[in-house]
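Enquirer:
Number of protein chains: 2
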Amino acid sequence: MADSKLQIIPLGGLGEFGMNCLAVRWHDDIIVIDAGLMFPESELLGVDVVVPDISYLIENKEHVRGIILTHGHEDHIGGLPWILSELNVPVYGTEFTLAYVENKLEEHKMLDDSELIEIVPGAKFGLGPFTIEPIRVTHSLVDCVALAIETPVGVIVHTGDFKIDLSPPDGKAFDLHRFAEYGKRGVLALLQDSTNVDRPGYTPSEWSVKPRLDELFSRTKKKLFFSCFSSSIYRIRIAMDLARAHGRKVAVVGRSMVESSEVAQDLGYLDVPPGLLIHPGQIADHAPEQVMVLISGTQGEPMSALSRAAVDNHKHARILPGDTVVLSSRVIPGNEKSIYRVIDHLYRRDAQVIYDDGASGLIHVSGHASQEEQRLMINLLKPKFFIPVHGDYRHLRKHAELAQSVGVVDLALVIENGDVLELDRANASKAGKVTAGRVCIDSGSAADVVEDLVIRDRRHLSEDGIVLPILTINKQTGKVERQPDVFTRGFVADEELIESARQVVAKTLDGSSAEEKADYGVIKEKIRIDLKRYIQKNSSRRPLIMPVILEI
Amino acid sequence: MADSKLQIIPLGGLGEFGMNCLAVRWHDDIIVIDAGLMFPESELLGVDVVVPDISYLIENKEHVRGIILTHGHEDHIGGLPWILSELNVPVYGTEFTLAYVENKLEEHKMLDDSELIEIVPGAKFGLGPFTIEPIRVTHSLVDCVALAIETPVGVIVHTGDFKIDLSPPDGKAFDLHRFAEYGKRGVLALLQDSTNVDRPGYTPSEWSVKPRLDELFSRTKKKLFFSCFSSSIYRIRIAMDLARAHGRKVAVVGRSMVESSEVAQDLGYLDVPPGLLIHPGQIADHAPEQVMVLISGTQGEPMSALSRAAVDNHKHARILPGDTVVLSSRVIPGNEKSIYRVIDHLYRRDAQVIYDDGASGLIHVSGHASQEEQRLMINLLKPKFFIPVHGDYRHLRKHAELAQSVGVVDLALVIENGDVLELDRANASKAGKVTAGRVCIDSGSAADVVEDLVIRDRRHLSEDGIVLPILTINKQTGKVERQPDVFTRGFVADEELIESARQVVAKTLDGSSAEEKADYGVIKEKIRIDLKRYIQKNSSRRPLIMPVILEI
Chain A
8 MADSKLQIIP LGGLGEFGMN CLAVRWHDDI IVIDAGLMFP ESELLGVDVV
58 VPDISYLIEN KEHVRGIILT HGHEDHIGGL PWILSELNVP VYGTEFTLAY
108 VENKLEEHKM LDDSELIEIV PGAKFGLGPF TIEPIRVTHS LVDCVALAIE
158 TPVGVIVHTG DFKIDLSPPD GKAFDLHRFA EYGKRGVLAL LQDSTNVDRP
208 GYTPSEWSVK PRLDELFSRT KKKLFFSCFS SSIYRIRIAM DLARAHGRKV
258 AVVGRSMVES SEVAQDLGYL DVPPGLLIHP GQIADHAPEQ VMVLISGTQG
308 EPMSALSRAA VDNHKHARIL PGDTVVLSSR VIPGNEKSIY RVIDHLYRRD
358 AQVIYDDGAS GLIHVSGHAS QEEQRLMINL LKPKFFIPVH GDYRHLRKHA
408 ELAQSVGVVD LALVIENGDV LELDRANASK AGKVTAGRVC IDSGSAADVV
458 EDLVIRDRRH LSEDGIVLPI LTINKQTGKV ERQPDVFTRG FVADEELIES
508 ARQVVAKTLD GSSAEEKADY GVIKEKIRID LKRYIQKNSS RRPLIMPVIL
558 EI
Chain B
8 MADSKLQIIP LGGLGEFGMN CLAVRWHDDI IVIDAGLMFP ESELLGVDVV
58 VPDISYLIEN KEHVRGIILT HGHEDHIGGL PWILSELNVP VYGTEFTLAY
108 VENKLEEHKM LDDSELIEIV PGAKFGLGPF TIEPIRVTHS LVDCVALAIE
158 TPVGVIVHTG DFKIDLSPPD GKAFDLHRFA EYGKRGVLAL LQDSTNVDRP
208 GYTPSEWSVK PRLDELFSRT KKKLFFSCFS SSIYRIRIAM DLARAHGRKV
258 AVVGRSMVES SEVAQDLGYL DVPPGLLIHP GQIADHAPEQ VMVLISGTQG
308 EPMSALSRAA VDNHKHARIL PGDTVVLSSR VIPGNEKSIY RVIDHLYRRD
358 AQVIYDDGAS GLIHVSGHAS QEEQRLMINL LKPKFFIPVH GDYRHLRKHA
408 ELAQSVGVVD LALVIENGDV LELDRANASK AGKVTAGRVC IDSGSAADVV
458 EDLVIRDRRH LSEDGIVLPI LTINKQTGKV ERQPDVFTRG FVADEELIES
508 ARQVVAKTLD GSSAEEKADY GVIKEKIRID LKRYIQKNSS RRPLIMPVIL
558 EI
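Read top to bottom, the protein sequences are chains A and B. All residue numbers for the first sequence refer to my numbering, where the first residue is 8 and numbers rise by one. All residue numbers for the second sequence refer to my numbering, where the first residue is 8 and numbers rise by one.
1. In chain A, which residues lie with their C-beta within 7 Å of the C-beta of B/D351?
2. For B/K12, collect the residues of the same chain with a Cβ closer than 6 Å to its Cβ; drop the 5 residues on either side in sequence, then sort them by chain order.
3. Where does the unbroken alpha helix (DSSP H) through B/K539 begin, and where does it stop?
4. Just by C-beta distance, which residues in the segment 194-215 of chain A are closer than 8 Å to chain B?
5. In three-state DSSP terms, what is A/M553?
6. Which same chain residues, not among the five before or five after B/K391, have their C-beta less than 6 Å away from its C-beta?
7. Quick one: is B/I350 buried, meaning 16 or more other Cβ sit within 10 Å of its Cβ, or exposed?
8. With a threshold of 8 Å between beta carbons, is B/A366 in contact with chain A?
9. Residues of chain A with CB closer than 8 Å to the CB of B/M553, please, in chain order.
10. Buried or exposed for B/Q199, going by 16 or more other Cβ atoms inside 10 Å?
11. Measure from the alpha carbon of A/A106 to the alpha carbon of each residue in A/L94, A/V96 and A/I126, then state which is nearest.
12. Leaving out five residues on either side along the sequence, give the residues of the same chain with a beta carbon under 7 Å from the beta carbon of A/N27.
13. What residue range is occupied by the uninterrupted alpha helix (DSSP H) comprising A/K116?
14. Verify the CB distance criterion: does A/G451 have a CB-CB separation below 8 Å to chain B?
15. Consult DSSP for B/V487 and reduce its assignment to one of helix, strand or coil.
16. Hey, is B/K191's beta-carbon within less than 8 Å of any beta-carbon in chain A?
17. Mapping the DSSP letters down to three states, classify B/M299 as helix, strand or coil.
18. How would you write the range of the alpha helix (DSSP H) that B/Y241 sits in, first residue to last?
19. Would you say A/E113 faces chain B, with C-beta separation under 8 Å as the test?
20. Identify each residue in the segment 329-346 of chain A for which the Cβ-Cβ distance to at least one residue of chain B is less than 9 Å, and report them in chain order.
21. So B/D399 and B/F46 are supposed to be a Cβ contact under 8 Å. How far apart are they, rounded?
22. With H, G and I counted as helix, E and B as strand and the rest as coil, what does DSSP make of A/S234?
23. Pick helix, strand or coil for B/F224, following the three-state DSSP scheme.
24. Can you tell me whether A/V456 is buried or exposed? The criterion is at least 16 other CB atoms within 10 Å of its CB, across all chains shown.
25. Between which two residues does the beta strand (DSSP E) holding B/E423 run?
26. Quick one: is A/R535 near chain B, going by C-beta distance under 8 Å?
27. Would you verify that the beta carbon of A/V360 is, or is not, closer than 8 Å to some beta carbon of chain B?
28. Helix or strand or just coil, what does DSSP make of B/A312?
29. Output needed in chain order: residues of the segment 86-104 of chain B with a Cβ under 8 Å from some Cβ in chain A.
30. Per DSSP, what kind of secondary structure is B/M26 in: helix, strand or coil?
31. Would you tell me roughly how many angstroms separate the C-alpha atoms of A/P176 and A/E122, rounded to the nearest one?
32. Going along the chain, which residues of its own chain have a beta-carbon closer than 7 Å to the beta-carbon of B/H467, five neighbours each way excluded?
33. Does any CB atom of chain A fall closer than 8 Å to the CB of B/R355?
34. Flag B/R404 as yes if its beta-carbon sits less than 8 Å from any beta-carbon of chain A, otherwise no.
35. Excluding the five sequence neighbours on either side, which residues of its own chain have a C-beta within less than 8 Å of the C-beta of B/A187, listed in chain order?
36. Just the Cα atoms here: how many angstroms apart are A/L3 and A/I124?
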């Protein structure tokens, strides 16, 4: 390592969306910004989540001073259980962010062994040679910060995820002044969110969805199902306000939605009047026009409450003809098939479905800065060097071009996961690579079941093996045409266990509706979960389970 | 069957996009409109194409009078080889449509045994009790028709795919007058394309992309790679015109693009001046600013010319820093990952990439009618009954609502594949179901290799079995971490063949670049093809081959 160089080393999120993680190093001191996860591509069968490969941090264990979180989204905090189990260092985050982290660590029974330190916007703190100031930014989630990090060679600013919302529903304003002051004093490098670099203009405020949602509430005659990302606290707040205004009680359905709304209430981000909430079991006791069901599952996640309700397989959330379902969210690329399958199922139930089809009005806004906000930040901070973060390679490239074109940046540099960028007061250049990559985790947890943490990556394959259940489904009839096959490899299983495994699969199939069997995402996930439980109970192994469907 | 009822029986394309196929029956006479295919979802490993289940037609073999094609897109003609091999009936289509069909049947060595009958817009022909008039419509492809079918209970009109292009580049206008005349005389039922029911307004003309493309040609300093759907004859025509105007020679790369442009030239839809075309091998002989490469692969298809060029694995189409790649096409839902992977690879080659990112201007237009055109057709034809075709369930529902709201339709009915709709002069209602569904085909043909037709669906599984090569790839290094595993089931293979199969997979991996190995779509397809060749050569079987990637 060079003697007088600061190193910036992205370990995740540069060249991909998700699992954001970035190390900043000065000599023998390393700080880590964010510890996210991503959800696997469809090619990665049998995997629950993907986290960054932190070999570099493990090799430098004694130098890592802490992990600083910018906000509480999964792509920024979701990798913590895995990372902390390898590297138990203090975790810094704002009050709301840490509340999410606590839930997550509690779930994995790791909370007692973790050191969580609350940070407050505007309050500087020191970590080794670094002095760090969290600066309040706005985003789709509450209590988000950017980080201004004073280093021996100058200040670097990491925006985290942000947009410049000039009227955030909680009144906690984007701190334009603080960024302006840093810009005036001089910023060595700006690391900025690239997500929306394709969008011209300015992202609308979180408030801006309210008028259109108000109209939808007005014209809905029966039950109203409202779905949004469970972390969209502003959206939940707006939906609850509208429910109250329109005389509807609110039932919260789906684990993530329940947890998230409870955290938001505890911390004062949701002000729920007494009597507004009802238990999901009480939905049937109220007239349809007096109920709003706040339900999780906007992305068509196979085991989510909304997916199950859509195939009439949820105990409390029953969707009947004439009910309205509002998906106040976007279609995340890669999720189209799952989402549209759920929407088609909802239409088959004769529900009205309002989703982001280009003609439904402003029912969702992005949480990320568009081009003009990106330019505004660059103008405020006037950084010498600009490094785009969070995005596929093409987003990073476009963002670097945008920054360069603003005219105040000396040099915009595109780096990717594993690149080592070295900076001093005058120069910035790539200097080698460290190990980086993705680790696939089969976490063992599923749907509403909380299991203990099982960190298992694909490297353990040779230990526990693979199980491939092969199903032959007749698409039209929804019938299973042959007895399910179960292949194994590297997994010590006697004929008896295999035969029982077959019966488990057959039983899961028997217990599923034709609609579920026609929805491969759902049926594969059901089989994976049931078979996993069975095998773990009846052998000491935890093989990877990857259902394969043959359609005839 | 009721005595005096006309039956409309969709066998594909209603409740899904692709594999359009619809039967119309009067007593013992059946005609079939279109015979399309669809490309498989990612869940269907090891499958090349999907075609409709035509059990109903096979059971009624002696009653089927012919298949009438509306136009030459794969989702309307792609299923012909399979369907004709089960049901050898005459095929009716326009000149250009039949040219595509001839190529397809020739490839499968079926041309000599097929009866192809050319139809001409405006020229009625009889088939059993039906009198059919093809009516010229406009679309992204040339020589497309709607069908007006006189039946004993009234006229039904099937639009095929259409938009109302008031200035088509070939001057062959949408026949508004003919539709108006049918409307005046009375139409019993209209079956109309639902694809763009989500889009308000009016779809722009095929011409409308020219100004923006002209700008792109003007500012491009090095080689220009132009990619569009190979059947987009208008687009190819515009690109060639611009190439000539800007002093560029044209090299056509990719099998489908070569075939399609040759057909278009033969039939006078492309007027190519002598000396404009060069052989791909001559690209390197010309200055970069004097070359346009017309290349296939807008959807990121793993073995397409553009995908291979993007990872620097195409002999002639070499993309160098400063070259421009224009994707004059849309991102078809489901293909995002493949397309964006290709775009990221292109950026890594330091190419300029112009694609449909919302900020590139009008570089592509849809071929399908938007809401105002759909309303216009309904107004022109004033049908008693309206039946939406071509779309997922939600599209059909929305289209039915749109039609009903126009105010001239008595009844809009949503039917799906397999439903039997019965009509007489006064009534229309669902009356039972026939077998319908999807058949998966492993066609044996790949990339530039033309093999003979192998119709094999999943039902033959028990005969030829499955081979699952399992690869363990280190995402970061691109290295294969373990010897490939090869599982088999229902496939009689000795240890020696399995061992050789392993070596085939290992060899394919050795011969692939790190970039290719990081692109699962590409590497899986390469392994599937190589292994398929090897196994077919060394055994009499044709097992399904489904590569599975484990990422570590």
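A virtual CB, placed ideally from N, CA and C, is assigned to each residue, including glycine.
Expert: By the coordinates alone:
1. The count along the second sequence starts at 1 and reaches residue 351 of chain B at position 344. Residues of chain A passing the Cβ test: D399, Y400 and R401.
2. The residue you call residue 12 of chain B lines up with position 5 of the second sequence. Closer than 6 Å at Cβ, skipping near neighbours: E429 and D431.
3. For the purposes of this step, residue 539 of chain B is taken as the residue at position 532 of the second sequence. Counting along the chain, the alpha helix (DSSP H) containing B/K539 begins and ends at Y527 to N545.
4. D205, R206 and P207
5. Residue 553 of chain A sits at position 546 when you count from the first residue of the first sequence. Of the three classes helix, strand and coil, the one that applies to A/M553 here is coil, per DSSP.
6. Reading the second sequence from its first residue, position 384 is the one you call residue 391 of chain B. Counting only Cβ-Cβ distances below 6 Å, and skipping sequence neighbours, we find L195 and D417.
7. Position 343 of the second sequence, counting from 1, holds the residue named residue 350 of chain B. With 16 or more Cβ atoms within 10 Å of its Cβ, B/I350 is classed as buried.
8. As a working mapping, residue 366 of chain B is identified with position 359 in the second sequence. Yes, contact with chain A.
9. Residue 553 of chain B sits at position 546 when you count from the first residue of the second sequence. What B/M553 touches in chain A: V555.
10. Counted from its first residue, the second sequence places residue 199 of chain B at position 192. So B/Q199 ends up on the buried side.
11. Residue 106 of chain A sits at position 99 when you count from the first residue of the first sequence. Here the closest residue by C-alpha is A/I126.
12. One-based indexing of the first sequence puts residue 27 of chain A at position 20. If we look at A/N27 and ignore the five residues flanking it on each side, its Cβ neighbours are G19, G20, D41, G43, D82, H83 and H397.
13. Here residue 116 of chain A is taken as the residue at index 109 of the first sequence, counted from 1. First-last for A/K116: undefined, no H or E at that position.
14. Here residue 451 of chain A refers to the residue found at position 444 when the first sequence is read from its first residue. Summary for A/G451: the model assigns pLDDT 47, below 50, so the residue's position carries little reliability, and this model does not support an answer.
15. Against the second sequence, residue 487 of chain B aligns to sequence position 480. Strand.
16. Along the second sequence, read from residue 1 onward, the residue named residue 191 of chain B stands at position 184. For B/K191, the answer is no, since every Cβ of chain A falls outside 8 Å of its Cβ.
17. Here residue 299 of chain B refers to the residue found at position 292 when the second sequence is read from its first residue. If DSSP states are grouped into helix, strand and coil, B/M299 belongs with the strands.
18. Sequence index remark: in the second sequence, residue 241 of chain B carries index 234 (1-based). Element bounds for B/Y241: I240 to A252.
19. Taking the first residue of the first sequence as 1, we reach residue 113 of chain A at position 106. With 8 Å as the cut-off, A/E113 does not count as an interface residue toward chain B.
20. V338, P340, G341, E343 and K344
21. The residue you call residue 399 of chain B lines up with position 392 of the second sequence. The residue you call residue 46 of chain B lines up with position 39 of the second sequence. Not really, about 15 Å apart at Cβ, beyond 8 Å.
22. Residue numbering aside, residue 234 of chain A sits at position 227 when the first sequence is read from its first letter. Residue state, collapsed to three classes: strand.
23. As a working note, residue 224 of chain B is residue 217 in the second sequence. Here B/F224 sits in helix by DSSP.
24. For the purposes of this step, residue 456 of chain A is taken as residue 449 along the first sequence, with counting starting at 1. For A/V456, the pLDDT reaches just 29, beneath the cut-off of 50, and the residue's location in the model is therefore unreliable, although a value from the coordinates is still provided. Label assigned to A/V456: exposed.
25. Locating residue 423 of chain B in the second sequence gives position 416, where the first residue counts as 1. Careful: B/E423 lies outside any beta strand (DSSP E) and carries neither H nor E.
26. The residue labelled residue 535 of chain A in the question sits at position 528 within the first sequence. Judged by the 8 Å Cβ criterion, A/R535 is not in contact with chain B.
27. Here residue 360 of chain A refers to the residue found at position 353 when the first sequence is read from its first residue. So yes, A/V360 belongs to the interface.
28. Counting from one through the second sequence, the residue named residue 312 of chain B turns up at place 305. B/A312 falls in the helix class under three-state DSSP.
29. none
30. The sequence position of residue 26 of chain B within the second sequence is 19, counting from 1. Coil at B/M26, not helix or strand.
31. On the first sequence, residue 176 of chain A is found 169 positions in, with the first residue counted as 1. On the first sequence, residue 122 of chain A is found 115 positions in, with the first residue counted as 1. Approximately 31 Å, taken between the alpha carbons.
32. Translated into the one-based positions of the second sequence, residue 467 of chain B becomes position 460. Low confidence applies to B/H467: its pLDDT is 46, below 50, so where it sits in the model is not reliable enough to give any reading.
33. On the second sequence, residue 355 of chain B is found 348 positions in, with the first residue counted as 1. For B/R355, the answer is yes, since a Cβ of chain A falls inside 8 Å of its Cβ.
34. Numbered from its first residue, the second sequence carries residue 404 of chain B at position 397. Yes, its Cβ sits closer than 8 Å to a Cβ of chain A.
35. Along the second sequence, one-based indexing puts residue 187 of chain B at 180. Closer than 8 Å at Cβ, skipping near neighbours: L387.
36. Here chain A covers residues 8 to 559 and nothing more, so residue 3 of chain A does not appear.
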